[in-house]
Amino acid sequence: MNVQELVQKHKLLECIQCGMCTGACPVSKKANLNIRRYMREVSALGKLTVHPQNELWSCTTCSTCGVRCPKDLNPYEFLIDIRSMAVEEGQIAPTIRDALESIFKNGNPWARIRTKRSEWLQGLNVKHIAQGAELLYYVGCTSAYDPRVQNVAKALVHCFQKAGLNFGVLGDEESCCGSEVYGMGEKGLFEFLVEENIKIFNKYNIRQTVTNCPHGFHAFKNRYNQTSFEVQHHTQLLAKLIDEKKLTFSKEVKKKVIYHDPCFLGKQNNIYEEPRKVIESIPGVTLLEFDRSRARSLCCEGGGGRMWVDIPGPRLAEIRVKEAVNVGADILAVACPFCMLTMEDAVKTTGNEGKIQVMDVAELLALFL
Ligand code: SF4
Ligand code: SF4
286 MNVQELVQKH
296 KLLECIQCGM
306 CTGACPVSKK
316 ANLNIRRYMR
326 EVSALGKLTV
336 HPQNELWSCT
346 TCSTCGVRCP
356 KDLNPYEFLI
366 DIRSMAVEEG
376 QIAPTIRDAL
386 ESIFKNGNPW
396 ARIRTKRSEW
406 LQGLNVKHIA
416 QGAELLYYVG
426 CTSAYDPRVQ
436 NVAKALVHCF
446 QKAGLNFGVL
456 GDEESCCGSE
466 VYGMGEKGLF
476 EFLVEENIKI
486 FNKYNIRQTV
496 TNCPHGFHAF
506 KNRYNQTSFE
516 VQHHTQLLAK
526 LIDEKKLTFS
536 KEVKKKVIYH
546 DPCFLGKQNN
556 IYEEPRKVIE
566 SIPGVTLLEF
576 DRSRARSLCC
586 EGGGGRMWVD
596 IPGPRLAEIR
606 VKEAVNVGAD
616 ILAVACPFCM
626 LTMEDAVKTT
636 GNEGKIQVMD
646 VAELLALFL
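Heads up: the sequence shown runs through residues 286 to 654, numbered per the working numbering.
Following this line, the structure appears as structure tokens:
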């Protein structure tokens with residue numbers, strides 16, 4: 286893509302240089318990322334200066350800049366295209382390159398082999414989608430391989446089984462959804478994954494999918510350009526199952542729970558109510574809110590490839606954890622595997638172990654069924 290095409294595709298001439306995007310960007314100070322300046326250089330000066338790699342790879346694709354832009358522009362989509370150009374020229378952080386290579390070779394960014402993808406399912410009595418299941422539970426790479434997030438997947442299976450859902454999985458045939466590949470700018474690999482995943486979804490005639498990862502949810506819903514299957518985030522399905530009384534509660538425990546909106550569920554897809562509804566339905570639970578919640582929610586720094594690039598400096602997840610502790614929450618509820626990992630890490634680095642627990646909404650719910 287050349288500069289002229291970038292200007293047209295992202296409507297850069299409509300930018301009024303108000304700076305709302307950079308002002309709202311959660312990593313602008315820490316990484317010196319000035320997305321407004323990037324846009325001006327391309328639209329007004331017709332060139333793109335080479336910026337330090339930290340700047341380019343610091344963006345979490347949280348979309349806050351797009352939410353705040355008064356001209357309805359999407360600065361982060363422009364930045365993803367800048368990343369694509371950098372990737373094509375081989376200007377890429379080594380850890381990002383390793384993650385991309387692993388996705389191509391192993392179908393996951395965690396350098397784990399394909400044949401171990403469904404190991405976490407042992408003893409859970411979950412069928413393969415080919416065995417007459419109506420709903421596909423798309424697990425996703427992090428839930429399939431990370432020991433902490435595997436507990437979320439297991440809790441969700443417990444909820445589905447309690448509700449009597451006819452669901453199945455792809456097992457070792459499942460592959461990376463490509464969400465982060467897109468965010469890291471490797472569009473060629475993303476297209477390859479879309480093609481492969483659509484092929485396998487069609488092979489099993491999949492029409493309904495649920496996933497506990499907002500990144501997979503966003504990719505399937507908004508990036509795949511497909512109409513053959515519908516996708517739900519697990520909090521949407523759990524809220525529906527509670528509504529239909531397919532999930533009922535067996536106990537009550539007094540807990541204060543604060544909910545952190547994942548960017549890819551909230552800002553990117555306007556899903557704010559269902560996770561709160563699940564939490565508020567649990568007997569004895571009081572829902573607390575962050576000062577910055579819903580569309581103002583602070584990013585955890587896990588998206589856009591940032592799980593594989595460390596940017597030095599204070600972490601946003603640490604700010605989040607400190608605030609949750611300060612308002613007296615017992616549990617910090619999340620609804621995304623990346624939020625789970627960044628928040629759990631932040632609990633340790635801020636010395637708050639034992640003071641607050643990080644739990645996915647599904648794990649919280651499963652405790653009370
Ligand atoms: S918020 Fe929108 S209009 Fe304002 S500088 Fe950023 S991209 Fe331009
Ligand atoms: S997507 Fe988020 S991190 Fe990236 S430039 Fe926009 S506000 Fe900053």
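Cβ coordinates follow ideal geometry from the N, Cα and C atoms, glycine included.
ask   = Which residues share a DSSP beta bridge with aspartate 383?
value = Answer by DSSP bridge pairing: none, since aspartate 383 is not bridged.
query = Quick one: what does DSSP say tyrosine 489 is sitting in, helix, strand or coil?
reply = Note: tyrosine 489 maps to coil in three-state DSSP.
ask   = Going along the chain, which residues of its own chain have a beta-carbon closer than 6 angstroms to the beta-carbon of threonine 571, five neighbours each way excluded?
value = Around threonine 571: Lys541.
ask   = Who does lysine 315 pair with in a DSSP beta bridge?
value = DSSP lists no partner for lysine 315.
task = Within its chain, find whatever has a CB closer than 8 angstroms to the CB of leucine 522; leave out the 5 residues flanking it on each side and keep chain order.
result = If we look at leucine 522 and ignore the five residues flanking it on each side, its Cβ neighbours are Val495.
request  = Give every residue of the same chain whose Cβ lies closer than 7 angstroms to the Cβ of glycine 579, excluding the five residues on either side of it in the sequence, and list them in chain order.
outcome  = The amino acid at residue 579 is misidentified as glycine; the sequence shows arginine. In chain order, Asp546, Gly551 and Tyr557 place their CB closer than 7 angstroms to the CB of arginine 579, counting only its own chain and leaving out the 5 sequence neighbours on each side.
ask   = Which residue comes first and which comes last in the alpha helix (DSSP H) that contains valine 632?
value = That run of the alpha helix (DSSP H) goes 622–634.
key: Same chain, Cβ closer than 6 angstroms to leucine 330, five either side skipped, listed in chain order   = The answer is none, since no qualifying residue turns up.
query = Who are the Cβ neighbours of alanine 609 in its own chain at under 7 angstroms, not counting the five residues just before and after it?
reply = By the criterion of a C-beta distance shorter than 7 angstroms, alanine 609 is surrounded in its chain by Ile543, Leu617 and Ile641, once the five residues flanking it on both sides are discounted.
task = Counting only the same chain and skipping the five closest in sequence on each side, list residues whose C-beta sits under 8 angstroms from that of glutamate 481.
result = Correct list, in chain order: Ser460.
message = Does cysteine 462 pass the burial test, meaning 16 or more other C-beta atoms within 10 Å, or should it be called exposed?
response = Burial is judged here by how many other beta carbons sit within 10 angstroms of a residue's own beta carbon; cysteine 462 has at least 16 and is buried.
Alpha-carbon spacing of glycine 304 relative to serine 428, whole angstroms = Counting only the Cα atoms, serine 428 lies some 37 angstroms from glycine 304.
query = What's the C-alpha gap between glycine 587 and tryptophan 342?
reply = Straight through space, the alpha carbons of tryptophan 342 and glycine 587 are spaced by roughly 12 angstroms.
ask   = Comparing the CB of glycine 304 with every heavy atom of ligand 1, is any distance shorter than 6 angstroms?
value = When distances are taken from the beta-carbon of glycine 304 to the heavy atoms of ligand 1, the shortest one is below 6 angstroms.
message = For aspartate 645, list the residues DSSP reports as bridge partners.
response = Partner(s): Val619.
contact_flag[the region 363–379, the region 291–302] where n(CB pairs < 8 angstroms) is 3 or more = As far as the Cβ criterion goes, the region 363–379 touches the region 291–302, which means the pair count is three or higher.
Near ligand 2: threonine 349 beta-carbon under 6 angstroms from a heavy atom = Yes, ligand 2 has a heavy atom inside 6 angstroms of this Cβ.
query = From histidine 413 to glycine 425, what does the alpha carbon distance come to, in whole angstroms?
reply = Their Cα atoms are separated by approximately 15 angstroms.
message = Can you tell me whether valine 559 is buried or exposed? The criterion is at least 16 other CB atoms within 10 Å of its CB, across all chains shown.
response = The sequence given here has glutamate at residue 559, not valine. Counting other Cβ atoms within 10 Å of its Cβ, glutamate 559 reaches 16 or more and is therefore classed as buried.
query = Which residues bound the alpha helix (DSSP H) around phenylalanine 534?
reply = Here phenylalanine 534 belongs to no alpha helix (DSSP H), and DSSP marks it neither H nor E.
query = Sorry if obvious, but does the Cβ on threonine 346 come closer than 6 angstroms to a heavy atom of ligand 2?
reply = Result yes, Cβ under 6 angstroms from ligand 2.
query = What runs of the alpha helix (DSSP H), each 4 residues or longer, lie entirely inside the region 434–489?
reply = Within the region 434–489, complete alpha helix (DSSP H) segments of at least 4 residues are found at 464–468 and 472–488, given in chain order.
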